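In what follows, a single structure is set out as structure tokens and then discussed.
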Amino acid sequence: MTSTPRRGGPPSKEVLELSRKGDQFLKQQRYEDAEDAFMKALAVDRENPYVLVGLGDLYRQTKEFHRSIDFYSRVLATDPANIFALRGIGDSYRGLNQPSKAIGYWERYLTHNPDDYRVMTRLGDAHKRLKRFAESESYYKQSISLNSTNSYALMGIGDLYFKWQRYDQALEFFDRLLAIDGSFVNILTMAGNICRWKKEYARAKGYYERTLRIEPENVYAVVGMADCARGENACAEAIGWWSKALKREPDNQMLLSRIGDAHLNLGELSQAEACFTRSLEIGFDPWALLGMSRLRRAQGQHQAAIDACGQILQRLPQHARALEEIVNALVESGDEARAREYQARLGALRPEAPEQPESLP
483 MTSTPRRGGP
493 PSKEVLELSR
503 KGDQFLKQQR
513 YEDAEDAFMK
523 ALAVDRENPY
533 VLVGLGDLYR
543 QTKEFHRSID
553 FYSRVLATDP
563 ANIFALRGIG
573 DSYRGLNQPS
583 KAIGYWERYL
593 THNPDDYRVM
603 TRLGDAHKRL
613 KRFAESESYY
623 KQSISLNSTN
633 SYALMGIGDL
643 YFKWQRYDQA
653 LEFFDRLLAI
663 DGSFVNILTM
673 AGNICRWKKE
683 YARAKGYYER
693 TLRIEPENVY
703 AVVGMADCAR
713 GENACAEAIG
723 WWSKALKREP
733 DNQMLLSRIG
743 DAHLNLGELS
753 QAEACFTRSL
763 EIGFDPWALL
773 GMSRLRRAQG
783 QHQAAIDACG
793 QILQRLPQHA
803 RALEEIVNAL
813 VESGDEARAR
823 EYQARLGALR
833 PEAPEQPESL
843 P
């Protein structure tokens, strides 16, 4: 190519044609051909913003984010209001997991294109990652006001409220999202868990059942169904669901302990003991030891019950449930003096923080 680089004026026909080809190849994901076309155009005109943005877009799509940032920056050096470069460089910093750098460019972009609900959603995501929840909420709401069916914003604000522990608001937006697209299994299980924490077991089961219709082996939904059944005192049903999960995770101590507790509540002592023993063979499990203590009390073996909790206190000396269980065993055995001693230890513990829901998928 014999043309010299342009220093001003409109782009040449050659550059326009090469840029069009580059854009077409980029849309077809023919990245090598796109790069070849844009580079030929760049050799003719090193300042053309269409070519520079095209190369920025190319390298962003191929996840070469540092190279894309370089080309977008070259555009912004001469045209600070170029919306394509502003959006692209923000997306590139997002690709590098640097939301704090992306935010400024996206905000500048919105001053020139204020109705782009997609970029508002990205800003909501970025502020959420930085734990700036109020700012995140504002951008999500602006996005939803422009497009009430924007799935990404509905999901984002629901997740925001979940992280903010504003569970009723999270559920509101999860329901709005699921009314548009009910296939989000992670949202279905999160909604189910919120309802389970609220002890709205029938409603929670509805979300888990919808999950299982999509993914019959989804372990979060299976365990959720079991936990709901436990909350409803339907121990046999809970055992069935937990046992299904246990087939996939045979060394899961949490499942073994819960199945053991359910058997114990049904008076099925041998089955309960087998579950607790299996968990303890895998490793230390305070819940299995607590279950074993309850089992021994039911068998009238009060010292064995105390010994089981003693194993917990060796590792966790302020474990309130273990202390409570020892007090129960001592009272039942008639040892009031030692019961008062352990009751005093229990009373000396600092007030525990309010129980938090377990982690979600």
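To get my numbering, take the position in the sequence shown, counting from 1, and add 482. No residue lacks a Cβ here, since even glycine has one placed at the ideal position from N, Cα and C. The structure presented is a predicted model; accordingly, all values stated were derived computationally and were not measured.
Check	Outcome
Backbone CA spacing between N632 and Q624 [nearest angstrom]	11 Å
Complete runs of the alpha helix (DSSP H) confined to the stretch 723 to 780 [at least 4 residues]	735 to 747, 751 to 764 and 768 to 780
Contacting residues, own chain, Cβ-Cβ under 7 Å from L653 (five flanking each side not counted)	A673 and I676
Buried versus exposed, by CB contacts within 10 Å (16 or more), D641	buried
Residue burial classification, P732 (beta-carbon count within 10 angstroms, cutoff 16)	exposed
For G536, three-class secondary structure by DSSP	helix
Through-space distance from A584 to Y634, alpha-carbon basis	18 Å
Burial state of A708 (16 or more Cβ within 10 Å)	buried
First through last residue of the alpha helix (DSSP H) which encompasses H609	Y599 to R611
Assigned exposure category for Q510 - 16 Cβ within 10 Å defines buried	exposed
G536 beta carbon less than 8 Å from that of D515	no
Endpoints, alpha helix (DSSP H) assigned at L798	Unbroken run through L798: none, as it is neither H nor E.
Supposed contact pair N530 and A519 - C-beta distance, whole angstroms, cut 8 Å	No, A519 and N530 are not in contact; Cβ-Cβ is about 13 Å, not under 8 Å.
Inter-residue Cα distance where the pair is Y643 and K680	16 Å
Cβ-based neighbour list, E814, same chain, cut-off 8 Å, excluding 5 preceding and 5 following	R779 and H784
Alpha-carbon to alpha-carbon, F656 and M637	7 Å
Burial state of I721 (16 or more Cβ within 10 Å)	buried
Whole alpha helix (DSSP H) elements within the stretch 653 to 732, 4-residue minimum	667 to 679, 683 to 696, 701 to 713 and 717 to 730
Sequence-distant residues of its chain with Cβ nearer than 6 Å to N629 (five each side left out)	Y599
Through-space distance from R569 to R658, alpha-carbon basis	28 Å
Where Q735 falls, given that 16 or more other Cβ within 10 Å makes a residue buried	buried
Span of the alpha helix (DSSP H), counted from its first residue to its last, around D853	Since the first residue shown for the chain is 483 and the last is 843, residue 853 is missing from the structure and cannot be characterised.
Cutoff 6 Å; reference A804; Cβ partners in own chain excluding five residues on either side	C791, I794 and L795
T560 versus R685 - alpha carbon distance	57 Å
For K623, the first and last residue of its enclosing alpha helix (DSSP H)	F615 to L628
Backbone secondary structure at L831 - three-state DSSP	coil
Helix, strand or coil at N810 according to DSSP, with G and I counted as helix	helix
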